[in-house]
Structure formats: structure tokens, C-alpha cells
Amino acid sequence: MARRVAGPMRPLWAVVLAAGSGTRFGSNKLVATLRGRPLVLQTLEHLTSARRSGLLAGVVTVIAAGDEAVAHAIAQSGSVVVENPDPASGMGRSLQLGIGRLDHPPVEPMAEAAVIVLADQPVVRQEVLTALRDAWLSGAGIARPVYREDPDTPGHPVLLDRTRWHLVDDVQGDRGLGPALASHTDWVTTVMVEGYNPDIDTPADLAVLEERP
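Residue numbers (the numbering used here): 7 to 219.
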């Protein structure tokens, strides 16, 4: 069991969900290139920067077992890698594996909270992570962003305090935490942030993002 850190530091880890099959994309979208680099690597590069700045204590990435392309793309990221042996069972299983990994070495220091990051969102920004972290440090058990460019869509990443990790136990299929959060709206603090954070589900989505400044 990882040790709990005493004192003012409250370690926040990222859990990256990167085991999806990319059915709508038509191929392994996580290694599709955006401005010359694999999507999943760009997502992890943002998190690596957040780790170097002290915002994150570390990163756990859940990939599909046997996905050598994604494993190769993230090999130098410094992430703790967890394999999902049954990615077809949906995002829920990946989420459970990622959160479960936080209680075992080499996860040090012990995570007090986790921010759930979707690997197909390569423009996740450090200022958004900072806003979620600040909401958590101010007492939020769950924090999620609302983006000004897309205010009607539930935003990602989602931050969960350790006391809310039990919500992950009952997550099934590909719906993720959405149903659980909808059932516990009083636990959720929303944070308004600038910009956008699109999912890349299709080649058209990728083309649109490629054209954005």
C-alpha cells in the first residue's frame, strides 16, 4: 500500500483512459497524427508538463492489452501503464483499473485525488487542471469544467477526491461517470473555464482541430 503524505501537500494524480477501440474513427485514433505527433502522446505531453510544474504528482495510463502502437507512442512519457485485458467491456473497466492502480506501487506519493483524462482530448490545458485542483483544495469532492465555447456539454477532465472513488465501482460500459454524476449533482462543483476541449471521435473531428490555431 502506498504511504499517505503528511503536511500541506495533497497529491493529485491523472488517470488517462487510452484503451478505446476507436470504432467511429475507423482505425486506432490514438496514434493518428495531429500536427505530426500521435494524439495520445500530445495528451500525455500536457500532463507531463503539469507534473513537472508540480501540479500533478504522476500519471497512470490505461491501454488495451496488446496495443503495441499506443504502448510505443507513450513509452517515453513517464506514465505508469496499466493494461486492460478486456477493452471491449467499455470505459468503465478502464476507469476501475486506473483508479485501482493508484493504491499500489510505484504510485508514490499516495494519491489524494484523481483527475480522469480522456486520451482522445489532446488539447487539455494546464490552466483547466489548475482550476479543478483549486476547486478541490477549496473542498470540492468532485470538480468538472464548463467550457465557454461549449457550455451545454459536460466537460472533461473530471476530478474525484479519494472519498468519491467509490462511484467508480459501479460504472459499466462506455457511459463512464456520467450517470453517477447525474445522480449526485450535489457533490459536483462546476468550474467555468475559457476555450474548448473537443473529443476526437472521427477523422473529420481531427481535421477540424488540425485547422484551429
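Note that the Cβ used here is the ideal one computed from N, Cα and C, for glycine as well.
DSSP lists A120, I148 as the beta-bridge partner residues of L166. In the pairwise beta carbon analysis, the region 50-62 is classified as touching the region 78-86: at least three pairs are separated by under 8 Å. For G64, the enclosing beta strand (DSSP E) begins and ends at 64-70. Bounds of the beta strand (DSSP E) holding E89 are 86-90. By a beta-carbon distance limit of 8 Å, A149 contacts L165. Their separation comes to about 4 Å. When C-beta atoms of the region 141-158 are compared with those of the region 181-196, three or more pairs fall below 8 Å, so the two segments count as touching. By the C-beta density criterion, H110 is exposed, having fewer than 16 other C-beta atoms within 10 angstroms. For V197, the uninterrupted beta strand (DSSP E) run begins and ends at 194-199, by DSSP.
In the structure shown, the three-state DSSP call for R43 is strand. For V86, same chain residues with a beta-carbon under 8 Å away, outside a window of 5 residues either side, are G64, V65, V66, T67, R107, P112, V113 in chain order. For V129, the secondary structure class from DSSP, reduced to helix, strand or coil, is coil.
Listed in chain order, the non-local C-beta contacts of R170 below 6 Å within the same chain comprise G147, I148, local neighbours out to five positions each way being set aside. Taking A56 as reference, the option from H172, L212, A137 with the minimal CA-CA separation is A137. The Cβ-Cβ distance between I122 and P163 falls below 8 Å. Counting along the chain, the unbroken beta strand (DSSP E) around L18 starts and ends at 18-24.
Apart from sequence neighbours up to five positions away, the residues of its chain that approach E118 with a beta-carbon distance below 6 Å are R16, P17, R168, ordered along the chain.
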